[in-house]
Amino acid sequence: MGLFTCPVCGEPLRREGAACRCRNGHSYDIAKEGYVYLLPPNKKHSADPGDHKEMIAARRRFLEAGYYRVFSDRLNELVRDYVKKDHPVLFDAGCGEGYYTGRLRAFLLENGRKPEQFGVDISKSAVRAAAKKYRGISFAVGSLFAVPAVSGCADAVTDVFAPIVPEELLRVLRPGGLLLLAVPSERHLYGLKEILYDQPYENESRDTEYPGFAFLKRVPVRGKITLDTAQAVQDLFAMTPYYRKTPREGCERLARTRSLTTEIGFDFLLYRKVGEK
Ligand SMILES: [Zn+2]
Numbered sequence: 021m022g023l024f025t026c027p028v029c030g031e032p033l034r035r036e037g038a039a040c041r042c043r044n045g046h047s048y049d050i051a052k053e054g055y056v057y058l059l060p061p062n063k064k065h066s067a068d069p070g071d072h073k074e075m076i077a078a079r080r081r082f083l084e085a086g087y088y089r090v091f092s093d094r095l096n097e098l099v100r101d102y103v104k105k106d107h108p109v110l111f112d113a114g115c116g117e118g119y120y121t122g123r124l125r126a127f128l129l130e131n132g133r134k135p136e137q138f139g140v141d142i143s144k145s146a147v148r149a150a151a152k153k154y155r156g157i158s159f160a161v162g163s164l165f166a167v168p169a170v171s172g173c174a175d176a177v178t179d180v181f182a183p184i185v186p187e188e189l190l191r192v193l194r195p196g197g198l199l200l201l202a203v204p205s206e207r208h209l210y211g212l213k214e215i216l217y218d219q220p221y222e223n224e225s226r227d228t229e230y231p232g233f234a235f236l237k238r239v240p241v242r243g244k245i246t247l248d249t250a251q252a253v254q255d256l257f258a259m260t261p262y263y264r265k266t267p268r269e270g271c272e273r274l275a276r277t278r279s280l281t282t283e284i285g286f287d288f289l290l291y292r293k294v295g296e297k
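In terms of the numbering used here, the sequence shown is residues 21 to 297.
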């Protein structure tokens, strides 16, 4: 809990029994799963923002089945190779149910590193699932627009398909720290979109420039997956942005789909925070 800050006053939080407290007396209970809720009520746009329980369950089933393991493996290698410290502090912005950050921990420990990791996500269901499964990592429900974490604490920040708020990522990183963004490639999930939409479209290519960061490189990872159960098809759908915005005909076509082959692709974008190490 040592890297989290009070969402009200910004002071560091210290653990006291079953709660975290700042020096101004603001107090946050630690849930029985081990995470802390650091989303101030006025930052919520709904009673339960972010992905819901069923979506988190779908995401976990899909990820645990290994369809995106190739991306997780590459992320692990990139962090190992670009973050040289033995005890790095790693922050997962938009950690979801913890798949990437949990596998990163296991991988680094196997490689003789002892990372201190923390993750933040706006979805309480996601953070609860993450904290329950991945012990040894600190998780908080919080906003990526006002990350409840100490400035300059992180040696690396990973952001896999989560909202990118460059000013906040910059603030949390130490100078010289690594930023690793994962964004969808142009043809990521094209096979899914061919079912959902009469006229499927490619994803837009991302800009790579952010103030305060020096761009290092783009690492494309491409693959093809086949989902051969209706459940897996629906699980994939539930974890995409299309889930909330696909017209009814598309959803019906997908509901009849028993097997799906699609291209998948992540681009990892690597940066260093400008400044002295
Ligand atoms: Zn406070």
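By construction, the Cβ of each residue, glycine as well, lies at the ideal position given by its N, Cα and C atoms.
Please report the residue range of the beta strand (DSSP E) in which ALA113 lies. Segment 109-113, the beta strand (DSSP E) holding ALA113.
DSSP state of SER92 mapped onto helix, strand, coil: Helix.
Starting from GLY197, trace the beta strand (DSSP E) both ways and give me its first and last residue. For GLY197, the enclosing beta strand (DSSP E) begins and ends at 193-204.
In chain order, what are the residues with a CB under 6 angstroms from some non-hydrogen atom of ligand 1? Near ligand 1, meaning a Cβ closer than 6 angstroms to any of its heavy atoms, lie the following residues in chain order: CYS26, VAL28, CYS29, GLU31, CYS42, ASN44, HIS46.
Where DSSP assigns a beta bridge to TYR57, which residues make up the other side? Bridge partners of TYR57: VAL161.
Assuming VAL147 is part of the alpha helix (DSSP H), what are its boundary residues? Element bounds for VAL147: 144-153.
Going by other Cβ atoms of all chains shown within 10 Å of its Cβ, with 16 needed for buried, is PRO204 buried or exposed? If you draw a 10 Å sphere on the C-beta of PRO204, you find 16 or more other C-beta atoms in it, and that means buried.
Please return the same chain residues whose Cβ sits closer than 6 angstroms to the Cβ of SER47, not counting the five positions on each side in sequence. Apart from sequence neighbours up to five positions away, the residues of its chain that approach SER47 with a beta-carbon distance below 6 angstroms are ALA39, ARG41, ordered along the chain.
Residues that PRO168 bridges to, as DSSP identifies them: BP columns for PRO168 are empty, so no partner.
Assess contact between the segment 256-271 and the segment 227-243, defined as three or more Cβ pairs (one per stretch) separated by less than 8 angstroms. Is contact present? With a cut-off of 8 angstroms, the segment 227-243 and the segment 256-271 do not count as touching, because too few Cβ pairs lie within range.
Do you know offhand how far ARG94's Cα is from ASN131's? Distance between the alpha carbons of ARG94 and ASN131 is about 15 angstroms.
In this structure, does DSSP put ASP248 in helix, strand or coil? For ASP248, the three-state secondary structure derived from DSSP is coil.
Residues near VAL170 in its chain [Cβ-Cβ closer than 7 angstroms; skip 5 each side]: Closer than 7 angstroms at the Cβ level, and outside the excluded window around VAL170, lie LEU23, THR25, PRO32.
Within a Cβ cutoff of 7 angstroms, which residues of the same chain sit near LEU73, ignoring the five residues on either side of it in sequence? According to the sequence displayed, residue 73 carries Lys and not Leu. Non-local C-beta neighbours of LYS73 in its own chain, meaning closer than 7 angstroms and more than five positions away in sequence, comprise SER145, ordered along the chain.
Over the uninterrupted alpha helix (DSSP H) stretch that includes ALA126, give me the two end residues. For ALA126, the enclosing alpha helix (DSSP H) stretches over residues 119-130.
Exposure of VAL294, with buried meaning 16 or more beta-carbon neighbours within 10 Å: Under this definition VAL294 is an exposed residue.
Less than 8 angstroms separating the beta-carbons of ARG125 and ILE76? Not a contact, by the Cβ cut-off of 8 angstroms.
Based on the DSSP output, what are the partners of GLY285 in its beta bridges? For GLY285, the pairing in a beta bridge is given by DSSP as ARG242.
Taking DSSP as the reference, what is the three-state secondary structure of CYS26? In the structure shown, CYS26 falls within a coil segment according to DSSP collapsed to helix, strand and coil.
For ARG79, which option in GLN251, ALA174, VAL103, GLY243 has the closest C-alpha, if you only look at C-alpha atoms? Checking every option, the nearest Cα to that of ARG79 belongs to GLN251.
With DSSP as the reference, label GLU224 as helix, strand or coil. Note: GLU224 maps to coil in three-state DSSP.
Can you name the start and end residues of the alpha helix (DSSP H) that PHE82 belongs to? Note, PHE82: alpha helix (DSSP H), 73-84.
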